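Reminder that position 91 of the sequence shown reads as 267 in our numbering, one-by-one numbering, no gaps. Ideal placement from N, C-alpha and C gives every residue a C-beta, glycine not left out. Computed from a predicted model, the values in this text were never measured in an experiment. This report concerns only the one structure given below.
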Amino acid sequence: MNLSEITDGLNDKQNQSVTLDDAQNALILAGAGSGKTRVLTHRIAYLVTQKNTHIDAVLAVTFTNKAAKEMRERLEFLLRRPIRSMWVGTFHGLAHRLLRAHPIEANLSAQFQILDQQDQFRIVKRLMKENQIDESKYPVRKIQWFINQQKDEGIHPGDIDAGYNYFVKQSVKVFELYEAHCKANELIDFAELLVRSYELLKNNSELLTHYQNRFEHILVDEFQDTNTIQYKWIKLLSSGKNQIFCVGDDDQSIYGWRGAKIENIQKLESDFHPIQTIRLEQNYRSTGNILGASNALIANNSNRLGKSLWTDSGNGDLIDIYEARTETDEADYVVSTIQKFIDNGTSANECAILYRSNAQSRGFEERLIKYNIPYVIYGGLRFFERAEIKDALCYLRLMESSADNVAFERVVNFPTRGIGNATIEKVREFARDNNTTLFQAAIAISPSLPTRASNALIGFTQLIEQMCDDAKHLELSEKVAHLIKASGLIEHYSNDKTDKAGSKKANLEELIAASKQYAHDQDSDMSEVVGFISLASLDSSGDTNAPINQNVQ
Numbered sequence: 177m178n179l180s181e182i183t184d185g186l187n188d189k190q191n192q193s194v195t196l197d198d199a200q201n202a203l204i205l206a207g208a209g210s211g212k213t214r215v216l217t218h219r220i221a222y223l224v225t226q227k228n229t230h231i232d233a234v235l236a237v238t239f240t241n242k243a244a245k246e247m248r249e250r251l252e253f254l255l256r257r258p259i260r261s262m263w264v265g266t267f268h269g270l271a272h273r274l275l276r277a278h279p280i281e282a283n284l285s286a287q288f289q290i291l292d293q294q295d296q297f298r299i300v301k302r303l304m305k306e307n308q309i310d311e312s313k314y315p316v317r318k319i320q321w322f323i324n325q326q327k328d329e330g331i332h333p334g335d336i337d338a339g340y341n342y343f344v345k346q347s348v349k350v351f352e353l354y355e356a357h358c359k360a361n362e363l364i365d366f367a368e369l370l371v372r373s374y375e376l377l378k379n380n381s382e383l384l385t386h387y388q389n390r391f392e393h394i395l396v397d398e399f400q401d402t403n404t405i406q407y408k409w410i411k412l413l414s415s416g417k418n419q420i421f422c423v424g425d426d427d428q429s430i431y432g433w434r435g436a437k438i439e440n441i442q443k444l445e446s447d448f449h450p451i452q453t454i455r456l457e458q459n460y461r462s463t464g465n466i467l468g469a470s471n472a473l474i475a476n477n478s479n480r481l482g483k484s485l486w487t488d489s490g491n492g493d494l495i496d497i498y499e500a501r502t503e504t505d506e507a508d509y510v511v512s513t514i515q516k517f518i519d520n521g522t523s524a525n526e527c528a529i530l531y532r533s534n535a536q537s538r539g540f541e542e543r544l545i546k547y548n549i550p551y552v553i554y555g556g557l558r559f560f561e562r563a564e565i566k567d568a569l570c571y572l573r574l575m576e577s578s579a580d581n582v583a584f585e586r587v588v589n590f591p592t593r594g595i596g597n598a599t600i601e602k603v604r605e606f607a608r609d610n611n612t613t614l615f616q617a618a619i620a621i622s623p624s625l626p627t628r629a630s631n632a633l634i635g636f637t638q639l640i641e642q643m644c645d646d647a648k649h650l651e652l653s654e655k656v657a658h659l660i661k662a663s664g665l666i667e668h669y670s671n672d673k674t675d676k677a678g679s680k681k682a683n684l685e686e687l688i689a690a691s692k693q694y695a696h697d698q699d700s701d702m703s704e705v706v707g708f709i710s711l712a713s714l715d716s717s718g719d720t721n722a723p724i725n726q727n728v729q
């Protein structure tokens, strides 16, 4: 590949960023719509084809799995070859890959499971109940947020001095109980993935040196959204011999509420000195009037690194501003305006309503229904977060490892098979007292239970064992199809006459399709099943229902 194939179509600043000397650290301040993804992918292509950098010597960190997938596809198109071995993904995805490659060094079992936010909430809630901690005084969500906030800073329970703050004292107590529970059950939550991978490298100089030498170039997208532990992770991997190429925009920092530190982008100058800053200010997405208003608003921010977006696409229409008296007035104005557009020949699917929080949707929905305007809402549950999908995956997890206590608790009585809370509590008690798994505890105590509970529990454990045996030699997609049928999930939703049952069945069919499309990395340290389960746990693509033509979006 010659240089012109990489640089053709780039503007001057994009070209400067892509062809920067390969021994230079860089901060690319990329405004919205300025082509930053193109700069990142073309930079990697430049390093590989013009500077003879091996693809395995490049580490690329993206903000979402969707962005990582897009980067891979663009790079494979540019380089005209697969790049399966390249480390490209989110911070969580790459941390997970590192821990799967070195579980022993990280003091983990090779069978560790990833805990999502919903399961984390359920565990924290149960631990609080078991230890008589009053939820009315100490809301579970606040305790969960406290735990994750500490982890984002790389802080352990023993590092926290609660002083005279009783809420913090109780939060630390739950934090300690939660950590002990996760350790005993081989569980890693999202935040812990980053903490463990950082500490793995920090505490193992040989391993750290290996990865510092391997990754000659570290490229990070959306740098303004990094939190403390992510910044420390990148800084640790930087040996001074490898180069950092960070793309970000301090004006787009909106995730402070979940730990993102805008000062990270400002610390680059001192921590990675010398570093060259290049500003991408030409916008390819908006009109001049929109950019003018945006520039005027953002100019009021303090401590900006500074840039001013511009476009050669013309000024476009003026921006209309309507100051509503109430939420009802606002919804009436917006929907009546859409109706005028439709009456004048505009298609409904060319109209979109953006709102700040989910609670605001109700007023708009009521007016859209009143005007008989069809619409579709985005931003619901991600595909892998849907209850029926999590149920199916928990059966798959139990088939892979009967020691998975989180999966056991979720599906032991779903679909309903007559195993009540009292029986499950007895299983928990036996498991705690005898330091064993819930699955083994269920087998052990079944003979001592009343006949109905005993038969139900024996039926469940035998079902899982039979499913494992039947699926032993099946392909991944065949395993998923088998478990969905054998577990009773399909029958359950077939007998369910509620409105949502049909879509739940369709989602289970889609899970089979997703498992067929899953491309397992043959060089991975994970089995194909574990790889697929991990993909589901880490997914952050924000999957929603496909858009329906002629609907307001």
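Note down the Cα distance separating residue i from residue j, rounded to an integer number of angstroms.
i, j, result
"Leu569", "Gly521", "46 Å"
"Asn733", "Ile553", "Residue 733 cannot be examined here, being either before or after the span of the chain that is shown, 177 to 729."
"Arg276", "Tyr374", "14 Å"
"Ile451", "Glu445", "6 Å"
"Thr502", "Ala677", "37 Å"
"Phe421", "Ile204", "8 Å"
"Met643", "Ser577", "12 Å"
"Ser700", "Gly707", "8 Å"
"Ala221", "Asn201", "17 Å"
"His268", "Tyr407", "13 Å"
"Ala524", "Asp646", "50 Å"
"Arg455", "Met247", "21 Å"
"Glu398", "Gly265", "13 Å"
"Leu383", "Leu377", "6 Å"
"Asp166", "Ser415", "The structure shown does not extend to residue 166, since the chain spans only 177 to 729, so no value can be given for it."
From what residue to what residue does the alpha helix (DSSP H) around residue i run?
i, result
"Cys570", "563-576"
"Ile441", "439-447"
"Gln400", "Per DSSP, Gln400 belongs to no alpha helix (DSSP H) and is neither H nor E."
"Phe267", "267-277"
"Ile553", "Looking at the DSSP string, Ile553 is not in any alpha helix (DSSP H), and its letter there is neither H nor E."
"Glu181", "179-183"
"Arg628", "627-646"
"Gly539", "537-546"
"Ile323", "316-328"
"Ile405", "404-413"
"Gly707", "704-714"
"Lys349", "342-360"
"Asp609", "597-610"
Under 6 Å Cβ to Cβ from residue i, same chain only, skipping five residues before and after it: list those, please.
i, result
"Thr183", "Asn191"
"Leu291", "Leu363, Asp365"
"Asn721", "Here Asn721 scores only 39 on pLDDT, less than 50, and its place in the model should not be relied on; the value that follows carries that caveat. So the list is empty, once near-sequence residues are dropped."
"Gln293", "none"
"Asn440", "Thr402, Tyr407"
Where do the ends of the beta strand (DSSP E) carrying residue i lie?
i, result
"Asp365", "363-365"
"Gln289", "289-291"
With a threshold of 7 Å on Cβ separation, who are the neighbours of residue i within its own chain once the five nearest residues in sequence on each side are excluded?
i, result
"Val316", "Phe297, Val300, Lys301, Met304"
"Thr739", "Residue 739 is absent from the structure shown; the chain starts at 177 and stops at 729."
"Gly209", "Asn459, Tyr460, Arg461, Ser462"
"Arg687", "The sequence shown places Leu at residue 687, rather than the Arg named in the question. Here the set comprises Ile565, Ala568, Val656."
"Ala233", "Arg390, Phe391, Glu392, His393"
"Ala469", "Ile495"
"Gln320", "Gln296, Phe297, Val300"
"Asn187", "Gln458"
"Gly664", "Pro591"
"His357", "Ile299, Leu303"
Per the DSSP calculation, residue i is bridged to which residue(s)?
i, result
"Cys422", "Leu203, Val396"
"Arg455", "Leu205"
"Thr238", "Thr266"
"Trp486", "Gln458"
"Val728", "Tyr551"
Looking at the ligand HEM, does it come within less than 6 Å of residue i, judged from the CB to the closest heavy atom?
i, result
"Ile709", "As presented, the structure is devoid of all ligands, the ligand HEM included, so that no description of it is given."
I'd like the list of long-range same chain contacts for residue i, defined as Cβ closer than 8 Å, with 5 residues on each side in sequence excluded.
i, result
"Ile410", "Val237, Ile394, Val396, Thr402, Ile420"
"Leu467", "Asn459, Leu485, Trp486, Thr487"
"Trp263", "Asp232, Val234, Leu235, Ala236, Leu270, Arg273, Phe391"
"Ile595", "Val588, Asn589, Ala629, Ala632, Leu633, Phe636"
"Asn683", "Phe559, Arg562, Glu564, Ile565"
"Leu223", "Asp198, Thr229, Val234, His393"
*What are the complete alpha helix (DSSP H) segments, minimum 4 residues, inside the segment 651-699?*
Within the segment 651-699, the complete alpha helix (DSSP H) runs of at least 4 residues are 652-662, 665-671, 677-693.
*Residue ranges of each beta strand (DSSP E) within the segment 464-540, 3 or longer*: Runs found: none.
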